[in-house]
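Position in the sequence shown (from 1) plus 36 gives the number in my numbering.
What follows is a set of notes on a single structure, which appears directly below.
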Amino acid sequence: MTQTQKFGQIMAAAAVVLLAFWLAVYDLEFRSMWYDEWLSWNWSQMNPIVMTTDTTNNGGHPPTYYAFLWLWTTVTQTQQLSAMRLSSTLFGVMTVALTYRLSLAWFENHRVALVAALVMAISSMFVYFMRELRMYTLMTLLVTVSWWAFWRFANGKKHGALMYGLTLAVMAYTYYFTAFMAFVQLVMAVIFYRERLLRLLVVYAGVLLVLAPWVPSLVVQIQNDAQYLDEGEGLELPLIGMVGKGAASQASDADSIRSFVRRYTNGQPYVVFGLAALGAVMGAAHYWQNPERRRWFVAVLLWSAGTTLVFFGGNFITPIYNPRYLLMIVPGLGMLVALAWVDLPPRYQWALGAGLVVFGLLTHTAGFFGLREPHDDLLGTVAANFQEGDRIWYNLEAGAEGSSLFSAPEYYLAVKYTNLTEDDFIWNASEDFEDPAQVPRIWDVRDDFTVVPPDIHAEMLDGRRVTRDTEVAAFHVRLYEAPPGGAPATLGETFEVRQGGEPHHTVRPGDMVRVTLWSDVQQPPELDYSLALHLRTPAGEVVAQADVALTNTDLLNPDNASTTTGWTPEAAPYVVMPSLTVPSDLPPGSYELWMTIYHWQAAPDGLTLVAPAGMTTAGNFLRVGTVTVE
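Rendered as structure tokens:
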């Protein structure tokens, strides 16, 4: 092989690794932190000794991953979610690179190695967990390292047994279910390396000896999980189900199998499993006559199909299956697909290779899990508009009369939205907001399925109106607000107007500016009035104008909007939210917002305006805000 060819192979492998990295890091904070990630973050903030004790009493996994995350956050000096998740990404990238190297060692074929790594790089399940603050990519990396060490041990390489034993020990202290991969490797030894079986058993005995100090902690975790499940939170399971968090397990039924197939094939089971089956057939035909290659072809089958059967089959004895627990099979699945690809006629290989890249880019999210609670967006919406004295009802639990800040919200309050404190949240509705004079603004954050109890909702609306309603996925952030204080401006003999919301707006050309106005009526209006909203230069030149019917805004019931002939003093105050679009060609600078109420026949120039001191007027127009155009 020439130096140019070697360089080309290195560049191709590097391109696949970079593809995996790019798919994983793109918009890495798109999904908010969820409960399991909060556990990782929470334990990573403890020193290793406290962490080990706490994971023993309150966790279901060994502490190695959390200890690494503690080291990662200590070295990087940041708790930003994307920076912490990057640790999982790097484990994943290393796994892709090692899959390439291991495939090359087993089959001595650059194209097999390249395609195996490519399948990993575009695997929706693998990319998903490269983006999550959990131990699953580390688990997959360790499993891949264990196969590399097993290969060295089986071939009598120097320090192969030591390397294999140390890898198994780290696997055991990272994730219990990696023991199933050690079992598969034992099967591999029984089939092909019986002459080394005794030495392998010595290695396993050494691993058990190294694991012995953790056995008391393991027993405590089993007992804790058993108690948790006995309290009605799950099924009563045999001990092994407890070890692997049996409450998160899924049955070996048709739904689980369909979910497994969809997630591990990027939603294209016929393509991926078809190639895997073709790889099994063609690989057997190609390698069976070569004793050395045959062994590692069987290893690929055991790694991918064998481990899958262990989980689904063992599930009939005790619940052990969950889609994420099988992430360790992805390198083996990639090798199977690669074995099918390399035995195709050359004229088809390039087309299929290009198709795999396009297929991967288009479908790499097909196996992603659904969106979790969008805590980042929800709390960020509140934090960006929070005012001193506001109260927040963060109710993401049906029926809760207080805020639910457990798990991920704790992270965001501690790290990202530090202008919010727990004292700002409601803990006993409605005592925490019954007086609008004391609590004029209430932020209500909940999903579409969690309703406010009617009696409490009536108290929230007593003296307040909903002036903001932001939809975030299946959640809403609503602001219940009392009218602003101070003397109102009077327009005609009917309307009293106060300005609410933000008095200053920073926008770009083409943006929309919305104004919040509160209006009382002294008597029922006899006409349907209109509102004029002007955007003016400081010199008074009108550069934009909006004329709309004067209509109350009911964000809870948009169909209840009414024009002024339907207004009564008893139902006031009314909230009006006129908007105006900034012209796309408006030069940057400072501008002013002005408004008046008029009737096109009875008062075409606006109702007579009387404003208290402190308000700026010009004729029948009242200034209600300023705008900076960037």
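Quick reminder that beta carbons are idealized off the backbone N, C-alpha and C, glycines included.
Just the C-alpha distance for residue i and residue j, rounded to the nearest angstrom, thanks.
| i | j | result |
| --- | --- | --- |
| V418 | T454 | 12 angstroms |
| W106 | E73 | 13 angstroms |
| G315 | V373 | 6 angstroms |
| F352 | D289 | 10 angstroms |
| V301 | D483 | One point to set straight first is that residue 301 is Thr, not Val, in the sequence displayed. Answer to the nearest angstrom: the Cα atoms are 32 angstroms apart. |
| Y101 | T91 | 11 angstroms |
| R298 | G438 | 39 angstroms |
| N191 | A241 | 21 angstroms |
| L202 | M120 | 26 angstroms |
| M87 | L134 | 30 angstroms |
| L586 | G655 | 20 angstroms |
| A313 | A376 | 8 angstroms |
| F511 | F66 | 16 angstroms |
| V378 | F57 | 25 angstroms |
| A568 | V611 | 16 angstroms |
| P355 | S285 | 6 angstroms |
| D480 | F461 | 10 angstroms |
| S598 | E458 | 39 angstroms |
| G391 | T89 | 50 angstroms |
| V513 | R167 | 27 angstroms |
| P609 | D556 | 5 angstroms |
| V549 | V543 | 8 angstroms |
| G576 | T632 | 15 angstroms |
| V256 | Y209 | 15 angstroms |
| H635 | V508 | 38 angstroms |
In chain order, what residues of the same chain have a beta carbon less than 6 angstroms from the beta carbon of residue i, not counting five sequence neighbours either side?
| i | result |
| --- | --- |
| Q221 | F186 |
| G545 | Checking the displayed sequence, the identity of residue 545 turns out to be Pro instead of Gly. So the qualifying residues of the chain are V618, S620 and L622. |
| R659 | E628, W630 and T652 |
| W77 | Y447 |
| A103 | P84 |
| A205 | V243 and V246 |
| V308 | T301 |
| I276 | Confidence at I276 is low in this model, with a pLDDT of 46, below 50, so the placement of that residue should be treated as unreliable; the coordinate-derived value is given next. Here the set comprises T354. |
| S615 | M548 and R550 |
What does DSSP give as the partner residue(s) for residue i in the beta ladder?
| i | result |
| --- | --- |
| V86 | Bridge partners of V86: none, in fact. |
| G625 | V665 |
| T542 | T664 |
| P97 | Pro is not the amino acid found at residue 97; the sequence shown has His there. Answer by DSSP bridge pairing: none, since H97 is not bridged. |
| Q581 | H570 |
| E507 | H512 |
| R188 | In the DSSP output, where bridge partners are listed per residue, R188 has none listed. |
| D379 | D379 is not bridged to any residue. |
| M548 | T617 |
| I428 | F461 and W479 |
Helix, strand or coil, according to DSSP, for residue i in the structure here?
| i | result |
| --- | --- |
| T652 | coil |
| I365 | helix |
| V206 | helix |
| Q559 | coil |
| F104 | helix |
| G522 | coil |
| G536 | strand |
| L236 | helix |
| F228 | helix |
| H635 | strand |
| I478 | strand |
| I158 | helix |
| F422 | coil |
| F667 | A query on residue 667 cannot be resolved here, the shown segment of the chain reaching from 37 to 666 and no further. |
| L169 | coil |
| F531 | strand |
| R659 | strand |
| I276 | Note that I276 has pLDDT 46, beneath the 50 cutoff, so the model's placement of it is unreliable and the number below is only indicative. Note: I276 maps to helix in three-state DSSP. |
| Y610 | strand |
Counting only the same chain and skipping the five closest in sequence on each side, list residues whose C-beta sits under 7 angstroms from that of residue i.
| i | result |
| --- | --- |
| L338 | V220, V223 and M224 |
| G499 | P472 and A518 |
| T49 | Note that residue 49 is Ala in the sequence shown, not Thr. For A49, where only same-chain residues beyond five positions count, the Cβ hits under 7 angstroms are Y136, L150 and A153. |
| S626 | P574, T662 and T664 |
| T589 | A597, V611, V612 and M613 |
With a CB to CB cut of under 8 angstroms and the five nearest residues on each side skipped, what residues in its chain are close to residue i?
| i | result |
| --- | --- |
| E529 | Q558 and Q559 |
| E267 | Unreliable positioning characterises E267 in this predicted model, as indicated by a pLDDT of 47, which lies under 50. The coordinate reading is nonetheless provided below. Closer than 8 angstroms at Cβ, skipping near neighbours: no residue. |
Quick check: does the Cβ of residue i come within less than 7 angstroms of any heavy atom belonging to the ligand MN?
| i | result |
| --- | --- |
| S555 | The ligand MN is not among the ligands present in this structure, which contains no ligands whatsoever. |
I'd like to know if residue i contacts chain B, where contact means its C-beta is closer than 8 angstroms to some C-beta of that chain.
| i | result |
| --- | --- |
| G44 | Protein chains in the displayed structure number just one, and chain B is not present. |
Problem - Touch test, the stretch 166-182 against the stretch 362-373, Cβ-Cβ under 8 angstroms, three pairs minimum - result: yes
Exercise for the section: Kindly confirm or deny that the stretch 397-406 and the stretch 156-171 touch, where touching means at least three C-beta pairs closer than 8 angstroms. Expected result: yes
Practice task
Evaluate the contact criterion for the stretch 143-157 versus the stretch 122-132: three or more CB pairs, one atom per stretch, below 8 angstroms.
Solution key: yes
Handout entry: Validate contact between the stretch 575-582 and the stretch 633-647 using beta carbons, cut 8 angstroms, 3 pairs
Key = no
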